[in-house]
Amino acid sequence: MKQMVCALGILLVASAHATDVYMASGGNDSNGGTSWSDAVATLAGATAKITATGTHNIYIKQGTYTGAEATLGFTACTIQGGYEGTGTPGLFTSDPTNTILDGQNLNRILSITAGGAVNIRGLTFQNGKATVTAAGGGGAINHNAGNTGPLKVDRCRFLNNSVVTATTNLTIGGGAIRTGGHATGAEITNCVFSGNYVENTGTNGAVAEGGAIRWDNGNVAFTLVLRQCEFSNNYVKTTVNHASSVARGGAFIRTRGVVTLDRCSFLNNNAQCQGALALAKGGAVFITTADNVTAQITNVDNCYFYGNAVNAATADNGNGAAFQHEPVTATNNTAHRVTMRHCTFDKNDTDRQAIFFTRTGGQATYPGVHTLINCIVSNNNFGVVATGGVSATANTTLWYQNAAGNTGGTGTITDNTPVSAPVTPIYVSGNDSDSGGNPHLTTGAKAIGAGEAISGFQNDIDILVGSEVNRPTPLDVGCDQFNWVPVSLSGFAVE
């Protein structure tokens, strides 16, 4: 992603603290970890030095590291990669390609079991693997229910991490990150998730969730923010033909809590199942909610969904190629709604809908109304489908070449002031039928200046975290504001 390029490779200076642990490829876990010359060799060795409450730091020198799963079980800690290995602690780069934690497909990389705030920056987590026989997951990071503090991850890469099981009747998830049960939520920014997966080969009720991230916050409405992250080629898969076998959320699943997706790209993610009875839901994103919890809101701004898919043995068993929202509404759920603003959904699947709004449970009416504002929905099979008494409103949406129709289902979808079909290509690719993984608009596109006014609406997909600025008016439709280079950004932001 262009915006990541601007954020990387910057040298910064950090100050040392009394509870610092140093880690370097030439170190030894029998060392004390008190300086670069006394560094430990593995992340497990570093976390083992943290044996008391307090504010801790783990400084990691540039290099590639392997080793056993690390466990962090005390209070606040920052884990920072990219150090040059001199000073106290000295210079570091925020580029995650320089510091790699490799699970070698042998073990999970990090488990956070208790304590306070955890901050992780400037690292690549690759080939972490959790082979589980009980419900859980997190191939790279498992931030589990024992932790009461927030998790913040910034400028990291998660590559080819996985969670697998062959155990019967098991729900597993979070190929890269599983997080849940936390008092103050999580924030993940400027990260890349690619090639992560969850595969459940167990029998009967096999469930695979969240190829990259599984967010489960219990019956509480706490907040997860995903900001300016890229999710590509992640997947979930089940292999048993059973009615309770489900693969959902090829890239991301939220089972409870409040979620904001801001300036994220979801490219070629997939939910897949085998057999005529099994289900696949949410090729990129699947959202559900807990019963008896109010206001579990989902906000999606300036996001791009391209090439995502659900693969099921029958078309009716696969839904929501890009995005599916399916709350539990048995008794008391209110205001479980999705708001999508300035998003682009292009070429997701060939035989299912891009966006699917539905529900499960016995509540007579569904109180939430989902909203799309200033979005592009193009080159999908169906655009938006609503069922189960669910209602949605689309304001100033550009619909284009959705083969089976723009809207459908037994629910109610109100299409207000749709943008007329373009007479020139929408995308900079020059191809009406395929944005090609690039959501930027081309000269003369009908989306330019066609959006309804949203007071104070910020950013497009390229605006860097920390450089937020209001979009100029008139607003364009979709995640790109054509030919816009805000004064506050460098020339790297030029499209």
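For reference, each letter of the sequence shown is one residue, going 35 to 529 in my numbering. Backbone N, C-alpha and C define an ideal beta-carbon position, used for all residues, glycine too. Computed from a prediction, not measured in an experiment: that's the story for all the values here.
Q.
Is the beta carbon of A75 closer than 9 angstroms to that of A99?
A. Sequence inspection shows Tyr at residue 99; the Ala mentioned does not correspond to that position. Taking 9 angstroms as the Cβ cut-off, Y99 and A75 qualify as a contacting pair.
>> What does the alpha-carbon distance come out to for the pair A584 and K186?
In response: Shown here, the chain extends from 35 to 529; a query on residue 584 therefore has no answer.
Give every residue of the same chain whose Cβ lies closer than 8 angstroms to the Cβ of V528, excluding the five residues on either side of it in the sequence, and list them in chain order.
-> Caution is warranted here: a pLDDT of 29 is assigned to V528, below 50, making its placement in the model unreliable, and the coordinate value is therefore given only provisionally. Excluding positions up to five away in sequence, the list reads V519.
_Which same chain residues end up closer than 6 angstroms to G442 when comparing Cβ atoms and leaving out the 5 residues on each side of it in sequence?_
F416, V419
_Reference I154, options T223, N351, I407, closest by Cα_ = T223
Could you give the DSSP three-state label for D530: helix, strand or coil? The requested residue 530 does not occur in the structure, where the chain is confined to residues 35 to 529.
Q) Between the C-alpha atoms of A48 and P123, what's the straight-line distance to the nearest angstrom? A) Residue placement at A48 cannot be trusted, given a pLDDT of 43 that sits under 50; what the coordinates show is reported in the next sentence. Their Cα atoms are separated by approximately 7 angstroms.
Boundaries of the alpha helix (DSSP H) in which L77 is found, first to last residue: 77 to 82
Checklist line | Candidates G66, T87, G121, M57, of which the one nearest Q135 by Cα | finding: In the sequence as presented, Gln is not what sits at residue 135; that position holds Leu. The option with the nearest alpha carbon to L135 is M57.
| task | Count the other CB atoms, across all protein chains shown, that sit within 10 Å of the CB of G149; report buried if there are 16 or more and exposed otherwise. | result | buried
Under a three-way DSSP split, which group does S425 fall into? strand
*asked:* Cutting at 7 angstroms between CB atoms, please list the residues of its own chain near M35, excluding the five before and the five after it.
replied: Its pLDDT being 45, under 50, M35 is placed unreliably in this model, and the coordinates cannot settle the point.
- request: Would you mind giving the Cβ-Cβ distance between K381 and L432, rounded to the nearest angstrom? I have them listed as a contact below 8 angstroms.
  value: 14 angstroms between Cβ atoms; not a contact.
Touch check for the region 192 to 204 and the region 155 to 167: three-plus C-beta pairs under 8 angstroms?
yes
Margin query: According to DSSP, is P123 part of a helix, a strand, or is it coil?
Written below: strand
- Query: Can you tell me the Cα-Cα spacing of F516 and T477, whole angstroms?
  - Reply: 8 angstroms
Short of 7 angstroms in beta carbon distance, which residues of its chain neighbour C513, apart from the five on each side in sequence? Order them along the chain. N336, C337, Y338, H376, C377, T378, P473, D494, I495
(message) Could you compute how far the alpha carbon of E551 sits from the alpha carbon of A168?
(response) Because the chain here runs from 35 to 529, residue 551 falls outside it and cannot be looked at.
Per DSSP, what kind of secondary structure is S196 in: helix, strand or coil? strand
Alpha carbons only, please: which of F256, L313, R248, D250 is nearest the one belonging to A281? L313
Query - Under the three-state DSSP convention, the category N351 falls into - result: helix
Exercise. What did DSSP end up calling N234 once you bin it into helix, strand or coil?
Worked result: strand
Euclidean distance between Cα positions of A200 and N302: 26 angstroms
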